[in-house]
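Following my numbering, the numbering of the sequence shown begins with 4 at its first residue and continues without gaps.
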Amino acid sequence: MSTPTIPYASRERICVSHYPLPETPPQQSSLAALMELDQPNSRPGQNAMYVHIPFCDKICNFCPFNKQLMDEAKMDAYLLRLNAEVARYAGTRRVSSMTFGSLAIGGGTPSCMTAGQMAGFLERCQDKLRFADDAEFSIEGNPSNFTYEKLVAARAAGCNRISFGVQTFNDSFAATLEIPQEPETSREATRLARKAGYDNVGIDLIYNLPGQTVEQWRADVQEAIDWRYDHVTLFSLIIPPFTRLHSLIDTSKLARPGDHEHEVTLYRLASQMLRDAGYEQYSVYDFALPGKINKHAVLYFSEQRDLLGVGAAAFGYLGRYMYVNKGPLAEYEGCVDDGGLPVLIGSKADRGEEMCGQMAKGLRLFSVDRHMFRELFDRDAVDVFADQVARLTAQGLLTVTDDAIALTEEGVFWGNNVCREFFSERFAQVEAIPREVLARGRLLKEGQKMPKRLDR
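Next comes the structure, spelled out in structure tokens:
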């Protein structure tokens, strides 16, 4: 398998989730205006909601997100504040006028909640907010603690999509990543989810692990195909600063991932295997069986709908205001207790930044609908971004039709890099706001520096 011409110095492994990049701590008194909470939602259609649960039974060594070890008392206290935050938004004109088409609960490990907590939270959300009849209710979880009781309770409360953080079916690599479950536990959790009535079960897999061979990766992908998961997400291993994995590799206690050529080989192998097995690839990472594309991703990334984000370190996009919540529990809970909205930093998009966001986030799911772009902005995306479109088309990374601007097959591999080509000059230097810091909902302390990146 030959390595293609490389249009960038390195392949960007981190997708565009925030745009515009949140950068300014707001005043509490200004948040309602920034989010346009006093105005009714005027765009027809469905919107999205994200909830962050920052607790885990065990901390995986590669995870950059906001989390801490599970504590029952802390979980109870957290859910009280989470419900209060939801109710606060639900009482505004903007959110009360919305219809939600998706609710995604991530973390952390949402399956740390008890069956009663899980069902109770889903029911309270449906009491406070309006959801579409075909809404997607998704919960991420770990195979080690997503018990049959929890699966049944969540299903009865409206959950219709489960995503398991499997990461690998290989015993050795499971130990390398320090994940809380053995591969057989993942298989059993899959059986239980099907038994509980879920017809939309997805998993995450990580590739380019230290020492991973082509055949070992082939075996992981083949097992996912054999289990006929409805959705498979593939992540190339990154080594986030401030994680135990970073420390292990930085001190040479663990080998680095394979080089660029090896990563290319593993990615293209998995992509071909999944597509040959009937999966549709619809993002750089994501593969789905027919009818199982993640609706939450479509609403937020392709259509750039409002995203109500609640919970510690959750991110959201309301009234063209991109925000990240405070991550540390004491800060998050203290702000909610004081009657405020627990926003850490944010950025308001003007019309130009909205157009950049439509491209940067939309291409994450491979294409931007030119007709939708015209309806939203009364301009053609090809005209607005003439320089980028011409250059990327000449490089063989984009293709343009009357209906869409889309990634080519080669552009898919470099998709995260291509998305960032549509950042405005203001946000072009994405490392100016470290993404690992945003993931935790906390800023660097004065004088603190980011550790060096080890996966470049």
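Built from N, CA and C at the ideal position, the CB exists for glycine as well.
Here's the rule I'm using: 16 or more other beta-carbon atoms within 10 Å means buried, otherwise exposed. How should residue i be labelled?
i      : result
Glu449 : exposed
Asp309 : buried
Thr171 : buried
Glu143 : buried
Ile9   : exposed
Ala222 : exposed
Asp79  : exposed
Arg84  : buried
His21  : buried
Glu306 : buried
Glu187 : exposed
Asp233 : buried
Gln361 : buried
Arg367 : buried
Gln30  : exposed
Ala384 : buried
Thr95  : buried
Lys256 : exposed
Arg97  : buried
Thr404 : exposed
Gly47  : Here residue 47 is Pro; the residue named in the question, Gly, does not match the sequence. Classification of Pro47: exposed, given that the 10 Å Cβ count is below 16.
Compute the Euclidean distance between the alpha carbons of residue i and residue j, then round it to the nearest angstrom.
i      : j      : result
Trp417 : Glu15  : 7 Å
Ser166 : Arg194 : 13 Å
Pro23  : Lys198 : 42 Å
Leu503 : Asn419 : Nothing about residue 503 can be reported from this structure: the residues present for the chain run from 4 to 459 only.
Cys370 : Glu75  : Looking at the sequence itself, residue 370 is Ser, so the reference to Cys does not match. Approximately 43 Å between the Cα atoms of the pair.
Phe65  : Ala178 : 12 Å
Lys254 : Gly110 : Note that residue 254 is Thr in the sequence shown, not Lys. In a straight line, the C-alpha of Thr254 is about 28 Å away from that of Gly110.
Met358 : Tyr151 : 44 Å
Arg164 : Ile296 : 11 Å
Ser189 : Ser427 : 42 Å
Val301 : Asn50  : 10 Å
Lys455 : Val19  : 21 Å
Ala227 : Glu185 : 15 Å
Ala397 : Phe124 : 50 Å
Thr216 : Leu208 : 15 Å
Phe238 : Tyr285 : 14 Å
Thr246 : Val327 : 20 Å
Pro28  : Leu332 : 18 Å
Glu336 : Glu88  : 10 Å
Val407 : Ala393 : Checking the sequence, you will find Ala at residue 407 rather than Val. C-alpha separation (whole angstroms): 14 Å.
Ser99  : Ala363 : 29 Å
Tyr11  : Gln432 : 15 Å
Ser5   : Leu446 : For Ser5, the predicted model reports a pLDDT of 43, less than 50, meaning its position is unreliable; a value from the coordinates is still stated below. Spanning the two alpha carbons is a distance of roughly 42 Å.
Val287 : Ser45  : 32 Å
Gln219 : Ser141 : 30 Å
Gly312 : Lys298 : 16 Å
His249 : Pro67  : 10 Å
Phe388 : Pro345 : 35 Å
Ser350 : Arg259 : 36 Å
Asp289 : Gln275 : 13 Å
Met52  : Arg373 : 25 Å
Ser410 : Leu401 : Looking at the sequence itself, residue 410 is Leu, so the reference to Ser does not match. Rounded to whole angstroms, Leu410 to Leu401 spans 5 Å at the Cα level.
Ser105 : Asp137 : 9 Å
Asn148 : Pro113 : 10 Å
Asp381 : Asn69  : 39 Å
With DSSP as the reference, please indicate the residues paired to residue i in a beta bridge.
i      : result
Asp62  : Residue identity check: residue 62 is Ile in the sequence provided, not Asp. Answer is none; Ile62 lacks a bridge partner.
Met52  : Leu106 and Leu311
Asp289 : Thr236
Lys351 : Tyr324
Ser33  : DSSP, once it has assigned bridges, lists no residue as partnering Ser33.
Ile209 : Phe238
Ser250 : DSSP output for Ser250 lists no bridge partner at all.
Gly319 : Tyr326
Thr402 : Ala409
Leu195 : For Leu195, which the question treats as bridged, DSSP gives no partner whatsoever.
Ile165 : Ile142 and Val204
Phe134 : Phe103
With residue i and residue j assumed to form a contact (beta carbons below 8 Å), what rounded beta-carbon distance in angstroms separates them?
i      : j      : result
Glu460 : Leu395 : Residue 460 is absent from the structure shown; the chain starts at 4 and stops at 459.
Ile242 : Leu457 : 4 Å
Met38  : Gly322 : 5 Å
Ala93  : Leu132 : 6 Å
Ala122 : Ala157 : 6 Å
Is any non-hydrogen atom of the ligand SAH found closer than 7 Å to the C-beta of residue i, if you look at the structure I gave you?
i      : result
Asp174 : With respect to the ligand SAH, the structure shown offers nothing to examine, as it has no ligands at all.
Is there at least one Cβ from chain B nearer than 8 Å to residue i's Cβ?
i     : result
Leu34 : Of the protein chains in this structure there is only one, and it is not chain B.
Worksheet item: Any contact of the region 280-292 with the region 336-344, i.e. 3+ C-beta pairs under 8 Å?
Response: no
Discussion item. Under 8 Å, with one C-beta from each stretch per pair, do the region 67-74 and the region 120-131 reach the 3-pair mark?
Written reply: no
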